[in-house]
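Under the working numbering, residues 3 to 110 are what the sequence shown spells out, in order.
By construction, the Cβ of each residue, glycine as well, lies at the ideal position given by its N, Cα and C atoms.
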Amino acid sequence: MVKKYIGLVAIAFLGLVGCQTHNMDKTSLVMITKSLGTKQCSEVNADNQLQQLKRELEQANIKVFAAEIGTDQMSHIALCGADDGKIAIFKIRQASVISAENMGYKIK
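Written as structure tokens, this is what we have:
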């Protein structure tokens with residue numbers, strides 16, 4: 003009888019563990035982008051710009067799961083003061099996309 007009881011408890015426990023869900027589904031994350039506004043030959047640090055944009059998103063209650071610098075993949079004239087094509091890329095929840103778009107971000 004005791005073995006049967008222990009077996010039932012073990013099965014129930016394993017069933018509950020198997021039913022746990024995570025707070026965040028990986029498919030609910032999207033990537034958004036925005037120009038860093040950095041220029042060629044400028045002393046403006048792209049990493050600092052990225053961190054500033056991340057802070058702005060977080061102040062707007064948009065949780066950032068990842069942040070990196072990328073390029074817009076466009077050709078840019080080699081000229082001091084011209085756009086360098088660097089962009090900020092953030093991974094956020096799908097539910098926050100509209101708020102981010104209102105802040106000038108685009109879905110990647």
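Residues that DSSP places opposite residue i in a beta bridge
{"i": "Ala90", "result": "Lys36 and Ile71"}
{"i": "Leu31", "result": "Arg95"}
Reduced DSSP secondary structure (H/G/I, E/B, other) of residue i
{"i": "Val46", "result": "coil"}
{"i": "Lys41", "result": "strand"}
{"i": "Lys108", "result": "strand"}
Own chain residues within Cβ distance below 7 Å of residue i, not counting five before or after
{"i": "Lys88", "result": "Leu38, Thr40, Ala48, Ile71 and Thr73"}
{"i": "Val46", "result": "Thr40"}
{"i": "Thr23", "result": "With a pLDDT of 48 at Thr23, under the threshold of 50, the modelled position of that residue is not reliable, and no figure is offered here."}
{"i": "Ala84", "result": "Lys41, Gln42 and His78"}
Contact belief for residue i with residue j at Cβ below 8 Å, rounded distance in angstroms
{"i": "Gln51", "j": "Leu81", "result": "So it is not a contact: roughly 20 Å between Cβ atoms."}
{"i": "Met33", "j": "Ala62", "result": "Not really, about 17 Å apart at Cβ, beyond 8 Å."}
Nonlocal neighbours in the same chain, by C-beta distance under 8 Å from residue i, ignoring five residues either side
{"i": "Leu2", "result": "A question about residue 2 goes unanswered here, because the residues of the chain that appear run from 3 up to 110."}
{"i": "Glu60", "result": "Val66"}
Same chain, Cβ closer than 6 Å to residue i, neighbours up to 5 away in sequence not counted
{"i": "Thr35", "result": "Ile89, Ile91, Lys108 and Lys110"}
{"i": "Ser98", "result": "Ile64"}
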